[in-house]
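Given below as structure tokens:
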């Protein structure tokens, strides 16, 4: 019998080690873009600090939200990042835990809009993005959101598809420029001009190709995609419309009842720190929500950066997007996609 004791002891040791590793593992759900850069700038340094393991899950928003909902009774995701309106959808289903902001050392340095964007401390903003119009300055001049429907860009303009995050923001600003208070009315106007619009794009990479081929000379984009255009030989400009720029915010959330709250808060605290937010901004990955971040002039060109710009953004209430989205999609399908 004694000859089996070392084997049994080793097995028990391995089991204990596995249990300890599981207890010190944080599972995060994030956007799939720039993951190699995030690994080097955020994940690996944090693992060294915490002595823990990060399990990183990626996917589109629908897939990631569905997983959080499917495992609500026994969460397999501890912390996630997503758009504010997607986070609010989870909050309404009581799938998110309140965040103890006293454990976030940089909380007071966040822009006010990022401190409690969902209410109830159910999320905290970590990055902003502006949305405006990119255009060929040698071919057209853009001074208003209404210029997206002007004769000068007729047949050479693109708009985001209704399923994208950008679409509600663009429709809101276009409606303001046209004197229309109801987005449904603006969707009808887009439908009336649908034959003059080259495409309703799903991804910024698709749009970049069309603009570089000169099939499109003006289109709305998020600032996070601006580097695709700024780095080319063609004279692209970022518009500053008379009605202002719109934009949005991505937030960090913590799943309800995950049992790993302390480690999740430690990771959030690290990501929101001035050091890490500066590192990500200088790499051109995320625009900082931490107002203490200072970046080079070159890096700032690709970012939504600085109090003056961020405080001037017209940001749509995420509750409005959630409450109205189905009606917008239905009207879009009837009047734009025929």
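In mature numbering (1 follows the signal peptide of the UniProt record, and there is no 0), the protein residues as written are -21 to -1, 1 to 317.
Idealized CB from N, CA, C, for every residue including glycine.
Buried or exposed (CB count within 10 angstroms, at least 16 for buried), residue i
i: residue 120; result: exposed
i: residue 41; result: exposed
i: residue 65; result: buried
i: residue 12; result: exposed
i: residue 57; result: buried
i: residue 184; result: exposed
i: residue 138; result: buried
i: residue 8; result: buried
i: residue 115; result: buried
i: residue 360; result: Not covered by the structure: residue 360. The range shown for the chain is -21 to 317.
i: residue 322; result: The question about residue 322 has no answer here: the residues shown for the chain are numbered -21 through 317.
i: residue 135; result: buried
i: residue 85; result: buried
i: residue 209; result: exposed
i: residue 256; result: buried
i: residue 154; result: buried
i: residue 3; result: exposed
i: residue 266; result: buried
i: residue 276; result: exposed
i: residue 297; result: buried
Residue i versus residue j - alpha carbon distance
i: residue 76; j: residue 301; result: 20 Å
i: residue 225; j: residue 147; result: 10 Å
i: residue 232; j: residue 106; result: 13 Å
i: residue 23; j: residue 15; result: 10 Å
i: residue 258; j: residue 270; result: 14 Å
i: residue 158; j: residue 291; result: 20 Å
i: residue 285; j: residue 279; result: 9 Å
i: residue 32; j: residue 178; result: 43 Å
i: residue 129; j: residue 163; result: 20 Å
i: residue 55; j: residue 230; result: 19 Å
i: residue 98; j: residue 144; result: 21 Å
i: residue 17; j: residue 103; result: 19 Å
i: residue 113; j: residue 197; result: 6 Å
i: residue 133; j: residue 283; result: 29 Å
i: residue 303; j: residue 295; result: 12 Å
i: residue 212; j: residue 190; result: 12 Å
i: residue 322; j: residue 26; result: A question about residue 322 goes unanswered here, because the residues of the chain that appear run from -21 up to 317.
i: residue 71; j: residue 52; result: 16 Å
i: residue 109; j: residue 228; result: 9 Å
i: residue 214; j: residue 289; result: 26 Å
i: residue 168; j: residue 94; result: 36 Å
i: residue 100; j: residue 81; result: 11 Å
i: residue 73; j: residue 247; result: 20 Å
Per DSSP, the bridge partner or partners of residue i
i: residue 115; result: 215
i: residue 58; result: 7, 233
i: residue 180; result: 139
i: residue 36; result: 8
i: residue 293; result: 225
i: residue 269; result: 89
i: residue 186; result: According to DSSP, which records beta bridges pairwise, residue 186 is partnered with nothing at all.
Under the three-state DSSP convention, the category residue i falls into
i: residue 282; result: coil
i: residue 198; result: strand
i: residue 156; result: helix
i: residue 225; result: strand
i: residue 239; result: coil
i: residue 102; result: coil
i: residue 109; result: strand
i: residue 75; result: strand
i: residue 250; result: helix
i: residue 124; result: helix
i: residue 26; result: helix
i: residue 303; result: helix
i: residue 262; result: coil
i: residue 312; result: helix
i: residue 193; result: coil
Is the region 120 to 129 touching the region 214 to 223, taking contact as three or more C-beta pairs under 8 Å?
In this structure the region 120 to 129 touches the region 214 to 223; the number of beta carbon pairs closer than 8 Å is three or more.
Taking contact to mean at least 3 C-beta pairs separated by less than 8 Å, is the region 257 to 270 in contact with the region 236 to 243?
Touching, no.
The region 196 to 208 / the region 43 to 50 touching (three or more Cβ pairs under 8 Å):
Judged by Cβ distances under 8 Å, the region 196 to 208 makes no contact with the region 43 to 50, as fewer than three pairs qualify.
At a cut of 8 Å, does the region 308 to 315 reach the region 161 to 178 through at least three beta carbon pairs?
Flag = yes, the region 308 to 315 and the region 161 to 178 touch.
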